[in-house]
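Single-structure report; data block below.
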Amino acid sequence: MSFIAAFAWSYILWLVLTAGSKGLLWSTQELVAGLIFSAIVGYATRGIIGDKAVRFLNPVKWVLAIAYTPVLFWGMVKANFDVAYRVITGKIRPGIVKVPVNLENDAQYAILSNSITLTPGTLTVDACPEEKALYVHWINIPEGLEWPENSEPVSGPFERWARRLGE
């Protein structure tokens with residue numbers, strides 16, 4: 008089943024990257040080449056991806072991922088303005104904070120860690136599932152949040168989305 012998931016994702020990516028290159032959506036040669044290359048990628052990565060990769064073929068996950076995109080972009084926009092303000096004024100208080108999280112699997116940790124890292128002013132340094140925590144470098148640690156009680160001050164709504172997307 009991991010072959011099918013890797014094949015499907017590879018073929019979808021192929022179709023997205025080659026759409027409209029010959030004036031049409033896809034030529035017959037592009038479709039056939041995509042099938043061949045996707046089969047090679049699916050076969051080569053079947054042992055790496057594992058059996059849980061099938062969950063990414065679930066259409067509900069795709070809808071959730073599309074719904075998450077504006078949330079992530081809005082977080083990035085707000086963070087960009089905050090970092091611009093900090094650069095202009097010089098008001099920064101950088102440091103690394105231990106952010107407690109309530110996540111269950113590696114996919115959830117990866118989604119949350121990458122979401123935090125994509126927003127300017129924060130960088131996930133380490134993910135520690137055994138401690139149920141992330142270590143995040145933060146450009147401006149507000150007073151009293153040196154030891155946050157949850158991830159909300161650092162990541163906003165990202166943890167809730169990571170739990171939904173990585174189930």
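Numbers 8 to 174, taken from the numbering used here, label the letters of the sequence shown in order. The beta-carbon is built from N, C-alpha and C at its ideal position, and this holds for glycine as well.
Query: Inter-residue CB distance, P136 and Y116 (contact presumed, cutoff 8 Å); Result: 6 Å
Query: Exposure label - S34; buried when at least 16 CB within 10 Å; Result: exposed
Query: CB contact flag (V104, I146, <8 Å); Result: no
Query: Cβ neighbours of V90 in the same chain (closer than 8 Å, five flanking residues each side left out); Result: P127, G128, I146
Query: Integer Cβ distance of V48 from A13, believed to fall under 8 Å; Result: 6 Å
Query: C-alpha gap between V23 and A169, whole angstroms; Result: 25 Å
Query: Secondary structure of A140, DSSP reduced to three states; Result: strand
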